[in-house]
Structures are given as structure tokens and as C-alpha cells.
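Residue numbers (this note's numbering): 232 to 545.
Using N, Cα and C, we set each Cβ at its ideal position, and we do this for glycine too.
First up is the structure itself, then whatever we jot down about it.
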């Protein structure tokens, strides 16, 4: 009888720990927004530094008021350029909420690409399957059911550049910047051939933008002379193991580069862990939601990029 009681008590303790962990991941960490800061040495000596605010994967629904307020506060950072790498909305009525979130940022130069969840509304999926496969191919709908065109039109009307399989030039601070981008490879809408070719050598800086950091596209950007590559999609692994890290990336990228700053060939790569989650998996564990402020500085003869982070709910 005693052994039965001990077993029952142990089972209840495990259930309690599991419930507490789920509550933490769903209520606290999911809303523990943080800003990560990086210095990235990509400029020529003597060029004045510029600041890029990288946001990604908001998966916004109309009632995410804490997230909306926090994104609005990022304008206080005075970034020179905003880069949105997609999966912005997760609800048919979320465009208005997103525009409230980025209203002050729309006054600044910006560029964007789409992710799959800007076109297709999320559905329930077994989250455990990400341990043995990616979600590529899950979208089997032919017609988008989210207002992606309205979303894009609102950003372009404010002056942000649509980089879905496109290139452009813009002035950022004192720099003449060439930008190239592709649509989401996760739903086979990327068309790198449409932007392929050496990035212009007369530009002060060359930035490549995409949603999913698939290595084949990263390599093409790097081989074409891009200096900095920006992506999202991975959610930083979303559910991570403390002191170990991410188990999955949901794409072809290795887990060592699931978020933050790294190298890919000659280029610097920054992958955002993103600010949201699917409404059907509203949890994060050991992987807080984030935006990043990248300060681009002149190249140093020796040394690596420095990354720091702060964790604070605003």
C-alpha cells in the first residue's frame, strides 16, 4: 500500500511540474519580450555606423496587446532601417493590429518579405513531429486565406520596400544600400534566379533578406557578394533545453545557428528567434521572444561580432 501511495504521489508531482512548466512557457516566457543587440563589422573603414531593427515572426492576432505595445516602443531605439522577415500575421483581422504595432516605425525606411503564415492561416498540428521532420509541405491549400495583399499594400504605401523576389537600392543613413530578397522557400515561392547575379560593387552595403534561412539560398546570396543576410522562421527552436539549446530549426539550417549572429561563407547571417508563436502552440521555453538591433560598424582587422542581450517586458 505504501509503495502504491508513493507512486501516486510521484505521479502527481510530475503532473504538477509539467503543468507549472506549461504555464510558465505559455504565460510568462511567451510574453517576456527582449531586445538583443549586436555589432556587425560589415562597413568599410571610415563609414558611419547604422542601426537595423530586425523583427520577425510576430504571428499576430488582434488581442496580443502586450506584443503590440512592445513593438511600438522599439521606435525609441531610433533605427535607421527596419527589416521584417515575415510570418507577421496569424488571423484574418490582424492587419489593423499590426499597423498599430508598427505605426511609428513606418515613418522610417523599411523592407519586408512574406512568410507562409502571411498567406495561409495556421491550423492545429502535432508539435512533436518537428522532432523528426520540418513543416515544409504542410500547406496544401492553393488559395491564400489571409489578407497578405492588404498587409503588403499597407507597408508599401508607407514607403517600405517589398523584397519578395526583388531587389532595390535605398539610402540608409549616409550609406547607399543594395537590398535583395526572396519569398518564402518553405512554401516554394522563392525565386532566387529572378534576383541572381553579383550584387553591385558600387553600393556601400549589400543586404539579403528572406524568411526561412535555407542553406542553398544563403550560399547563393553569399556567393553573389551580399554582406549581411537576415532571416527568421526558426523561432530559435521555440522549445529549447536549458544549457543545451534548440532541438530543431524547422529548415535545413543547423541548430548551432538557429538564432543570433554567425557566418555563412563571406557573409554575416542574423537569424531572429522571432516575437510570436502559432496560436495553436502558444508556448516558448528557454527561448524568449525577441527583436534585434544590429549596429553595423566598420570591419575590424581582428575580432568577431559582439552580441549582448537584455530581457525586459515593456
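Roughly how many angstroms lie between the CA atoms of residue i and residue j, to the nearest whole one?
i, j, result
"residue 400", "residue 406", "10 angstroms"
"residue 498", "residue 530", "12 angstroms"
"residue 295", "residue 307", "20 angstroms"
"residue 492", "residue 503", "9 angstroms"
"residue 260", "residue 429", "42 angstroms"
"residue 390", "residue 341", "7 angstroms"
"residue 337", "residue 386", "7 angstroms"
"residue 252", "residue 513", "Any answer about residue 252 is weak, because its pLDDT of 45 lies below 50 and its placement is not dependable; what the coordinates show is given next. Cα to Cα, residue 252 sits roughly 13 angstroms from residue 513."
"residue 292", "residue 458", "34 angstroms"
"residue 520", "residue 277", "35 angstroms"
"residue 323", "residue 475", "37 angstroms"
"residue 583", "residue 511", "Residue 583 lies beyond the range of the chain shown here (232 to 545); nothing can be said about it."
"residue 301", "residue 274", "30 angstroms"
"residue 394", "residue 420", "13 angstroms"
"residue 392", "residue 435", "18 angstroms"
"residue 473", "residue 496", "29 angstroms"
"residue 264", "residue 422", "33 angstroms"
"residue 384", "residue 445", "27 angstroms"
"residue 440", "residue 448", "10 angstroms"
"residue 343", "residue 267", "20 angstroms"
"residue 318", "residue 379", "10 angstroms"
"residue 494", "residue 500", "5 angstroms"
"residue 488", "residue 388", "34 angstroms"
"residue 515", "residue 366", "18 angstroms"
Leaving out the 5 sequence neighbours to the left and right, which residues in its chain are closer than 7 angstroms to residue i when beta-carbon positions are compared?
i, result
"residue 376", "351, 352"
"residue 431", "409"
"residue 310", "282, 283, 284, 339, 524"
"residue 403", "281, 311, 312, 340"
"residue 509", "290, 321, 353"
"residue 335", "303, 306"
"residue 437", "409, 430, 456, 457, 458"
"residue 279", "404, 405"
"residue 374", "none"
"residue 355", "511"
"residue 272", "528, 529, 530, 531, 536"
Between residue i and the ligand ZN, is the CB less than 7 angstroms from at least one heavy atom?
i, result
"residue 515", "Here there are no bound small molecules, and the ligand ZN is not part of this structure."
Less than 6 angstroms between C-beta atoms, sequence neighbours within five positions excluded: which residues of the same chain meet that for residue i?
i, result
"residue 471", "477, 517, 518"
"residue 398", "411, 426"
"residue 490", "467, 502, 504"
"residue 286", "315, 522"
"residue 346", "317, 318, 415, 442"
Which whole-angstrom value is the C-beta distance of residue i and residue j, which I expect to be below 8 angstroms?
i, j, result
"residue 442", "residue 424", "Actually they are not in contact, since the Cβ atoms of residue 442 and residue 424 sit about 18 angstroms apart, beyond 8 angstroms."
"residue 314", "residue 461", "5 angstroms"
"residue 484", "residue 288", "Not a contact, Cβ separation roughly 14 angstroms."
"residue 396", "residue 418", "With 8 angstroms as the limit, residue 396 and residue 418 do not qualify as a contact, their Cβ atoms being about 13 angstroms apart."
"residue 349", "residue 382", "6 angstroms"
Tell me which residues share the same chain as residue i and place their Cβ nearer than 8 angstroms to its Cβ, disregarding the 5 neighbours each side in the sequence.
i, result
"residue 486", "468, 476, 477, 478, 479, 480"
Strictly under 8 angstroms for the Cβ-Cβ distance: is residue i near chain B by that measure?
i, result
"residue 483", "The question asks about chain B, but that chain is absent: this structure has only one protein chain."
message: Would you call the segment 447-460 in contact with the segment 326-338, where contact means no fewer than 3 C-beta pairs closer than 8 angstroms?
response: Fewer than three beta-carbon pairs drawn from the segment 447-460 and the segment 326-338 are found closer than 8 angstroms, and the two stretches are therefore not classed as touching.
query: Which full runs of the alpha helix (DSSP H) of 4+ residues lie inside the segment 283-344, going along the chain?
result: The DSSP assignment places complete alpha helix (DSSP H) segments of no fewer than 4 residues inside the segment 283-344 at 296-304, 325-333, in order along the chain.
query: What runs of the alpha helix (DSSP H), each 4 residues or longer, lie entirely inside the segment 440-517?
result: Runs found: 446-454.
field: Any alpha helix (DSSP H) of 4 or more consecutive residues that is wholly inside the segment 378-424
entry: Counting whole runs of 4 or more residues, the segment 378-424 contains the alpha helix (DSSP H) stretches 379-388.
query: Is it a yes or a no for the segment 474-488 touching the segment 459-466, going by three-plus beta-carbon pairs under 8 angstroms?
result: Three or more beta-carbon pairs separated by less than 8 angstroms link the segment 474-488 to the segment 459-466, which places the two stretches in contact.
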